[in-house]
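In what follows, a single structure is set out as structure tokens and then discussed.
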Amino acid sequence: MSPAPADGRPPPSDSGQLLTIGQAAEYLGTGQRFVRRLISERRIPYVKLGKHVRLERCALDAFVAAGRVPCR
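In terms of UniProt numbering, the sequence shown has 26 at position 26, counting the first letter as 1, and numbering is strictly consecutive.
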């Protein structure tokens, strides 16, 4: 297991890490508007922390895996 970075955040490989909409958009390589649309259409699970919305990295990975098209 790799140690946590000096700033106290969990390592980036942690699949349970909570990401902001901006971080999730960067992770997926899309815009924030796309991520917000996924949330509003309930196509991806999210976590509400008060007024803040966070996305689990494992939920993003599952969303990508569900959209994967196998090669021939």
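C-beta atoms are modelled at their ideal positions from N, C-alpha and C, and glycine is treated no differently.
For residue i, the three-state DSSP class (helix, strand or coil)
| i | result |
| --- | --- |
| VAL64 | helix |
| ARG72 | coil |
Proximal residues to residue i (C-beta, below 8 Å), its chain only, five neighbours per side dropped
| i | result |
| --- | --- |
| VAL64 | LEU28 |
Own chain, CB closer than 6 Å to residue i, minus 5 neighbours either side, in chain order
| i | result |
| --- | --- |
| VAL35 | ILE21, ALA24 and ALA25 |
| TYR46 | ILE39, VAL53 and LEU55 |
Beta-carbon contacts of residue i that lie in its chain and below 7 Å, excluding the five residues immediately before and after
| i | result |
| --- | --- |
| LEU19 | TYR27, ARG54, LEU55 and ARG57 |
Proximity winner among the options, relative to residue i (alpha-carbon distances)
| i | options | result |
| --- | --- | --- |
| ALA59 | CYS71, ARG68 and ILE44 | ILE44 |
Can you check the UniProt domain "Helix-turn-helix" (18-67) for any beta strand (DSSP E) of at least 3 residues that lies completely inside it and give the ranges in chain order? 47-49 and 52-56
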